[in-house]
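Asker: Below are the structure tokens for one structure; questions will follow.
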Amino acid sequence: MKLIFLAIAMLTSFVSHNNEGFTWISPRGGAAPILVDSQDDKGVLRAVENLRSDAFAVTSQTPALINEPAGGKAVIIGTV
Numbered sequence: 006m007k008l009i010f011l012a013i014a015m016l017t018s019f020v021s022h023n024n025e026g027f028t029w030i031s032p033r034g035g036a037a038p039i040l041v042d043s044q045d046d047k048g049v050l051r052a053v054e055n056l057r058s059d060a061f062a063v064t065s066q067t068p069a070l071i072n073e074p075a076g077g078k079a080v081i082i083g084t085v
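For what it's worth, the numbering used here labels the leading residue of the sequence shown as 6, then goes sequentially.
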């Protein structure tokens, strides 16, 4: 039981409670980039490309693909 409490306590320290929100693709134009490690599993890299294609099909905007944090907001995809 102590281990479960500790895990929950650790998780809550990473939860943000501000109501600022995050829009991945703005209807006014612009999409947050996708951050992924270029050395990640091939399946992950393929899923990222599929996600970018889907985003374009729905919004006519293709999110940039970045391999290094560039400041600002980004969608982070990868394995742990």
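Where is the CB? At the ideal position from N, CA and C, for every residue including glycine.
1. With ASP59 as the anchor, note down where its alpha helix (DSSP H) starts and where it stops.
2. Quick check on DSSP: helix, strand or coil for ALA36?
3. Report the three-state DSSP secondary structure of ILE71 (helix, strand or coil).
4. So ILE39 and PRO74 are supposed to be a Cβ contact under 8 Å. How far apart are they, rounded?
5. Please report the distance separating the alpha-carbon of VAL41 from that of ILE30.
6. Taking only the alpha-carbon atoms, compute the straight-line gap between ASP46 and VAL85 and give it to the nearest angstrom.
Answerer: In short, the structure shows the following:
1. 47-64
2. strand
3. strand
4. Actually they are not in contact, since the Cβ atoms of ILE39 and PRO74 sit about 12 Å apart, beyond 8 Å.
5. 17 Å
6. 11 Å
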